[in-house]
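Enquirer:
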Amino acid sequence: MTTRSPGESSRSGQATHSAHLAPDDLSLVAIALMRGPITREHDQKLWPALIKIEHRVADYVGVLGLRLVLDESDGYAFLRSAREDEVEGEFPRLVNRHRLPFQVSLLIALLRKRLAEFDATSSDARLMLTRDQITDLMRTYIPDSSDDVKLRRKVDEHIASVEKLGFLKKLRSDYDAYEVRRIIRAFVDGQWLADFDRRLAEYVEQAGLADQEAP
85 MTTRSPGESS RSGQATHSAH LAPDDLSLVA IALMRGPITR EHDQKLWPAL IKIEHRVADY
145 VGVLGLRLVL DESDGYAFLR SAREDEVEGE FPRLVNRHRL PFQVSLLIAL LRKRLAEFDA
205 TSSDARLMLT RDQITDLMRT YIPDSSDDVK LRRKVDEHIA SVEKLGFLKK LRSDYDAYEV
265 RRIIRAFVDG QWLADFDRRL AEYVEQAGLA DQEAP
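My numbering numbers the first residue of the sequence shown as 85 and each following residue consecutively.
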């Protein structure tokens with residue numbers, strides 16, 4: 085993956101000319117990126133335009149204090165703050181930046197680890213997980229997980245949050261199956277996982293103490 089200053093993204097369904105660049109291609113690509121990540125798979129018209137005017141886009145968003153992150157191999161792009169002092173524990177998104185709920189962060193971490201395991205053991209390009217498989221990943225870390233109905237309801241809420249962030253994509257052919265999108269690798273690096281593992285250990289320890297103290 086290459087990181088350019090400033091940013092990257094794409095939006096499917098927006099019209100742009102891929103064969104011959106129009107004067108407003110820069111605006112279309114920049115606006116799409118400011119709305120969120122774009123991908124080669126889902127933004128088939130914007131993606132070629134982004135590749136062709138990559139440096140112009142980077143210069144344009146750089147004026148706004150943003151940098152372009154572009155991975156041609158995995159086919160995604162997004163905008164990121166040019167500041168190096170990102171707030172710890174805060175998700176690095178251009179729009180709607182906010183501190184994520186712990187269990188949403190947990191699901192993101194579990195999906196990232198599962199993707200790493202998948203890449204190490206499989207030659208397939210896409211990791212697919214069913215709703216039941218995702219539920220099993222989280223079961224250990226959700227209080228009162230013995231109540232299956234309540235557990236599934238909570239996991240469905242977390243899945244919806246992660247899907248909205250762009251890390252999961254519901255498969256059209258199967259309502260209960262999701263693709264783990266590779267853009268997750270750009271946001272969740274080794275340091276993020278290490279920091280989260282530390283928080284997770286504290287969470288598990290506190291949960292264990294609470295269970296011991298419960299009547």
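Glycine included, each C-beta is placed from N, C-alpha and C at the ideal position.
Let me make sure I understand the geometry here. Which of I243, G120, V233, Q128 has the alpha-carbon closest to that of L152?
Expert: Residue 152 sits at position 68 when you count from the first residue of the sequence shown. With distances taken between Cα atoms, L152 lies closest to G120.
Enquirer: Does DSSP put R124 in a helix, a strand or coil?
Expert: The residue given as residue 124 occupies position 40 in the sequence shown. Reduced to three states, the DSSP call for R124 is coil.
Enquirer: Using only the alpha-carbon positions, how far apart do R282 and R183 sit?
Expert: Residue mapping note: residue 282 aligns to position 198 of the sequence shown, counting from 1. Residue mapping note: residue 183 aligns to position 99 of the sequence shown, counting from 1. Cα to Cα, R282 sits roughly 17 angstroms from R183.
Enquirer: Find the nearest neighbour of V239 within the set P185, L134, G146, R124, judged by alpha-carbon distance.
Expert: Within the sequence shown, residue 239 is the residue found at index 155, counting from 1. The option with the nearest alpha carbon to V239 is P185.
Enquirer: In the DSSP assignment, the alpha helix (DSSP H) including L213 goes from what residue to what residue?
Expert: Looking up residue 213 in the sequence shown gives position 129. Element bounds for L213: not the alpha helix (DSSP H) but the beta strand (DSSP E), 211-214.
Enquirer: So, is L163 buried or exposed, given that buried needs 16 or more other C-beta atoms within 10 angstroms?
Expert: Numbered from its first residue, the sequence shown carries residue 163 at position 79. Counting Cβ neighbours within 10 Å, L163 comes out buried, since at least 16 surround it.
Enquirer: Output needed for E247: all residues of its chain with C-beta closer than 8 angstroms, excluding positions within five of it in sequence on either side, in chain order.
Expert: Translated into the one-based positions of the sequence shown, residue 247 becomes position 163. So the list reads K253, K254, Y262, once near-sequence residues are dropped.
Enquirer: Considering only DSSP beta bridges, list what Y262 is partnered with.
Expert: By 1-based counting over the sequence shown, the position of residue 262 is 178. Bridge partners of Y262: L213, K254.
Enquirer: Whose C-beta lies closer than 6 angstroms to the C-beta of G149 among residues of the same chain, with five residues either side of it excluded?
Expert: For the purposes of this step, residue 149 is taken as residue 65 along the sequence shown, with counting starting at 1. These residues qualify, in order along the chain: A166.
Enquirer: Use the C-beta contact count for Y259: other C-beta atoms within 10 angstroms, 16 or more gives buried, fewer gives exposed.
Expert: Within the sequence shown, numbered from 1, the residue matching residue 259 stands at position 175. With fewer than 16 other Cβ atoms within 10 Å, it is exposed.
Enquirer: Under a three-way DSSP split, which group does V147 fall into?
Expert: Along the sequence shown, read from residue 1 onward, the residue named residue 147 stands at position 63. It is coil, neither helix nor strand.
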